[in-house]
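Worksheet for the structure shown next.
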Amino acid sequence: MHQHFAPDEIEPSTAPAISTPRTANEPRCCHRESASTQAPSNQQQRPQIPASDSVKMVLAVDLLNPSPQAEARKHKLKTLVPAPRSFFMDVKCPGCFTITTVFSHAQTVVVCQGCSQVLCQPTGGKARLTEGCSFRRK
């Protein structure tokens, strides 16, 4: 007569054979252990972190509210709000007191239109004001 088993009561000898892919170093054999029962010897088991526990990491630096000193040290494009560091300024001539608008990183010599005195000279970055010239940022 036929015996009826529940799905979890199937004997291992009557269970359908599941073929697992074999590696290059593994011999062809029908009596090998399945991959689920074999534990790899060179890999360590990682501890499982439960999903219910939330792990919060705290950074050493507040990225959203950086200090003004930290922002001043950074490159102009690496700051929280990228902005140029150049500006226009009004330069007052010490001789005739006329006001001339000058770019902070001017690459040419700027001369006063009233008395032909040199107001600033170019350098590699910002322009160097002549001594005695006062300026205000626009």
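With the sequence shown counted from 1, adding 1303 to any position gets you our numbering. Cβ coordinates follow ideal geometry from the N, Cα and C atoms, glycine included. Just so it is clear, the structure is predicted and the values come from calculations on it, not from any experiment.
Beta-carbon spacing of residue i, residue j below 7 Å
i: residue 1431; j: residue 1393; result: no
i: residue 1404; j: residue 1391; result: yes
i: residue 1418; j: residue 1436; result: no
i: residue 1388; j: residue 1379; result: yes
Rounded separation between residue i and residue j - CA only
i: residue 1371; j: residue 1350; result: 42 Å
i: residue 1397; j: residue 1421; result: 10 Å
i: residue 1382; j: residue 1375; result: 8 Å
i: residue 1410; j: residue 1365; result: 38 Å
i: residue 1369; j: residue 1416; result: 44 Å
i: residue 1348; j: residue 1358; result: 20 Å
i: residue 1386; j: residue 1428; result: 16 Å
i: residue 1373; j: residue 1360; result: 22 Å
i: residue 1402; j: residue 1367; result: 41 Å
i: residue 1362; j: residue 1384; result: 21 Å
i: residue 1441; j: residue 1407; result: 11 Å
Neighbourhood of residue i by C-beta distance below 8 Å, restricted to the same chain and skipping five residues each side
i: residue 1423; result: 1394, 1405, 1409, 1412, 1413, 1430, 1431, 1432, 1433 and 1436
Unbroken alpha helix (DSSP H) run spanning residue i, endpoints
i: residue 1376; result: 1371–1376
Residue i - containing beta strand (DSSP E), residue span
i: residue 1437; result: 1437–1440
i: residue 1351; result: Careful: residue 1351 lies outside any beta strand (DSSP E) and carries neither H nor E.
i: residue 1418; result: Counting along the chain, residue 1418 falls outside any beta strand (DSSP E), and DSSP gives it neither H nor E.
For the segment 1357–1414, which segments carrying the beta strand (DSSP E) assignment without a break, of at least 3 residues, lie completely within its bounds, in sequence order? 1391–1395 and 1402–1406
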